[in-house]
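A.B. asks:
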């Protein structure tokens, strides 16, 4: 190949990497610069004493604490829905699916991955109205509906990463267990999944990120500005991304806007905690797979 | 019972009988008409040019081909189990694969400890008793000439072992279920000479415990320790008596070691027979 082209491709690759890292750093620096001033216990707990809140003695009325708890619960619930369904679907697509049906399923999956989040939200909203009319008067848009709709939104990430991880395994690995007398299910559980755990967890991390940031879905399915910590699955709740959204769209003073920046930093921290947890789990599982029975 | 004209006079007691076996990959016929018998407690080597379907034939014997898409098999393969010949396609596949162990061309230890690797088939068979597991591990590793090298580091990763040790580990892993047949797909071709020699000597020893079927290319060592050599060519299998010369000696490995010592010059017989 032409030398010039070679060099320019290398140059372009370097520049892209640098721009990416630089913009991310800039973004984080900007957030921290703006938000660090408002980041204190008052922002989280308001006028209430932190110990009272943590021991569930009093509710926080003017702090972010309910929103933080809401986001954490929401991410956990959505992931709890999405992991078993997603991993199982991925395994089905990679191992069991009939070759004739596979293109159909793949098409549907791509379609699901391409659905804008506001549509998923709308679907959740319609579902809650349907259930309200036909099942029970007590069902409104709520935490349960939100978490299920979010799970739908992130399912494609988990399904795809699981499926790709399994499909791309070399034939020799796939047959190792089978040749030793493993049944198909044993092969999947004892070899294929442990082999691919780190990739599957990467998919889950992507899904966690998406759950944490999504506003459109929860806006239509039950998040409100002032609800406190949800007391049941059918209750309304608060969430950080929604707080950030409304504070930035109608703030009354500069101070309120600064609170929004503080909330951004907290949201990032929540995500970081989840990612770290996922990585620790991954490390633990790898070690368990590698050492003595 | 096979008709008389199909029987191989050299085979005394057959462990596996193949009758009119055809193998299709998609529309292509890879194995056209395979007939033959594999002698019990002997080493049968299958040789042939590459791409002719030797590995495929092994995969038919333990039905591993079933995990590949677009494969079809016609014909009958019978294995002697408890004195009776059973059609392998009528056995539950997991049971069959516990009776017929397989070792691949490239050693494929799982990324776990040595202990876990060897114990893996027991885990699949739901054996929970620790004492039995440890007994069987020791037995299998001794069978595979690996015990002395690894007995102090069973908890270390199997991937730390050398290529030859990994291959012997795979043999131990296959032997832990006490299979009646062991299939080996060019077991020495990815190894250096010394490791290959060790494996070859091991195979002669394993003959006491099970029937061995080895796929090998022409220049391989294993051909010289085999009791029967079958040639696979153009989708047909035939016996090849010319290649059996080495088997008439009492101690075939000695012959190999001597041969290598002579050919290589640098090989030291003393060291090898240690």
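Residue numbers (this note's numbering), protein chains in the order written: chain A, 670 to 962; chain B, 3 to 276. Using N, Cα and C, we set each Cβ at its ideal position, and we do this for glycine too. Because the structure is a prediction, the values reported are computed rather than measured.
1. If you measure from the beta carbon of residue 114 of chain B to each beta carbon in chain A, is any gap under 8 Å?
2. Could you pull out every unbroken alpha helix (DSSP H) segment of at least 4 residues lying fully inside the stretch 768-830 of chain A, listed in chain order?
3. Short of 8 Å Cβ to Cβ, which residues in the stretch 183-202 of chain B face chain A?
4. Going by beta carbon distance, what residues of the same chain come within less than 6 Å of residue 51 of chain B, once the five residues before and after it are set aside?
5. Taking the DSSP output, what are the residues bridged to residue 104 of chain B?
6. Roughly how many angstroms lie between the CA atoms of residue 745 of chain A and residue 808 of chain A, to the nearest whole one?
7. Can residue 187 of chain B and residue 60 of chain B be called in contact, C-beta distance under 8 Å?
8. Using the Cβ count rule (16 or more neighbours within 10 Å means buried), how would you classify residue 145 of chain B?
9. Determine, using beta carbons only, whether residue 739 of chain A comes closer than 8 Å to chain B.
10. Ignoring anything shorter than 4 residues or poking outside the stretch 20-87 of chain B, list the alpha helix (DSSP H) runs there in chain order.
11. Does chain A have any CB closer than 8 Å to the CB of residue 147 of chain B?
12. Helix, strand or coil for residue 214 of chain B, going by three-state DSSP, please let me know.
13. Residue 886 of chain A and residue 818 of chain A - do their beta-carbons sit closer together than 8 Å?
14. Since residue 848 of chain A meets chain B, which of its residues come closer than 7 Å, beta carbon to beta carbon?
15. Can you have a look at residue 252 of chain B and say buried or exposed, based on whether 16 or more other CB atoms are within 10 angstroms of its CB?
16. Between B:133, B:38, B:42, which lies nearest to residue 211 of chain B when the distance is taken from Cα to Cα?
17. Give the interface partners of residue 108 of chain B over in chain A, defined as CB-CB distance under 9 Å, in chain order.
18. Is it buried or exposed for residue 671 of chain A, if we count other Cβ within 10 angstroms and need 16 for buried?
19. When the Cα of residue 849 of chain A is compared with those of B:106, B:36, B:70, B:15, which residue comes out closest?
20. Closer than 8 Å, Cβ to any Cβ of chain A: which residues of the stretch 152-184 of chain B, in chain order?
21. To the nearest angstrom, how far is it from the Cα of residue 158 of chain B to the Cα of residue 733 of chain A?
22. Does the beta carbon of residue 762 of chain A come closer than 8 Å to any beta carbon on chain B?
23. Check this for me: beta carbons of residue 85 of chain B and residue 179 of chain B, under 8 Å apart or not?
24. Give, in chain order, every residue of the stretch 118-131 of chain B whose Cβ lies closer than 8 Å to some Cβ of chain A.
25. Quick check: what's the CA-CA separation for residue 155 of chain B versus residue 147 of chain B?
26. With respect to the alpha helix (DSSP H) encompassing residue 743 of chain A, which residues constitute its N-terminal and C-terminal limits?
27. Using 8 Å for Cβ pairs, my map puts residue 867 of chain A next to residue 953 of chain A. What's the rounded Cβ distance?
28. From what residue to what residue does the alpha helix (DSSP H) around residue 679 of chain A run?
C.D. replies: A quick look at the data gives this:
1. Closer than 8 Å: yes.
2. Along the length of the stretch 768-830 of chain A, whole alpha helix (DSSP H) runs at least 4 residues long occupy 771-783, 786-803, reported in chain order.
3. Residues of the stretch 183-202 of chain B with a C-beta less than 8 Å from any C-beta of chain A: none at all.
4. Nothing listed; no residue qualifies.
5. Per DSSP, B:185.
6. Approximately 21 Å, taken between the alpha carbons.
7. In contact: residue 187 of chain B and residue 60 of chain B (Cβ atoms closer than 8 Å).
8. Buried, by the Cβ-count rule.
9. No, because no Cβ of chain B sits closer than 8 Å to the Cβ of residue 739 of chain A.
10. As far as the stretch 20-87 of chain B is concerned, its whole alpha helix (DSSP H) runs of at least 4 residues are 56-63.
11. Against chain A, the CB of residue 147 of chain B has no partner CB under 8 Å away; the residue lies outside that interface.
12. Note: residue 214 of chain B maps to strand in three-state DSSP.
13. Contact annotation: residue 818 of chain A and residue 886 of chain A have beta-carbon atoms nearer than 8 Å.
14. Proximity of chain B to residue 848 of chain A at the Cβ level (cut-off 7 Å) is accounted for by 64, 66, 99, 104, in chain order.
15. Low per-residue confidence applies at residue 252 of chain B: pLDDT is 44, beneath 50, and the placement is therefore not dependable enough to give any value.
16. Comparing alpha-carbon positions, the option among B:133, B:38, B:42 lying closest to residue 211 of chain B turns out to be B:42.
17. Residues of chain A with a Cβ closer than 9 Å to the Cβ of residue 108 of chain B are, in chain order, 841.
18. By the C-beta density criterion, residue 671 of chain A is exposed, having fewer than 16 other C-beta atoms within 10 angstroms.
19. Closest by C-alpha distance to residue 849 of chain A, out of B:106, B:36, B:70, B:15, is B:106.
20. Within the stretch 152-184 of chain B, the residues whose Cβ lies closer than 8 Å to some Cβ of chain A are 156, 157, 159, 175, 176, 179, listed in chain order.
21. One C-alpha to the other measures close to 49 Å.
22. At a cut-off of 8 Å, the C-beta of residue 762 of chain A has no neighbouring C-beta in chain B.
23. Taking 8 Å as the Cβ cut-off, residue 85 of chain B and residue 179 of chain B do not qualify as a contacting pair.
24. Residues of the stretch 118-131 of chain B with a C-beta less than 8 Å from any C-beta of chain A: 118, 121, 122, 123, 125, 126, 127, listed in chain order.
25. Distance between the alpha carbons of residue 155 of chain B and residue 147 of chain B is about 15 Å.
26. Counting along the chain, the unbroken alpha helix (DSSP H) around residue 743 of chain A starts and ends at 734-760.
27. Between residue 953 of chain A and residue 867 of chain A the Cβ distance is about 12 Å, and since that is not below 8 Å, they are no contact.
28. Where residue 679 of chain A is concerned, the enclosing alpha helix (DSSP H) stretches over 672-704.
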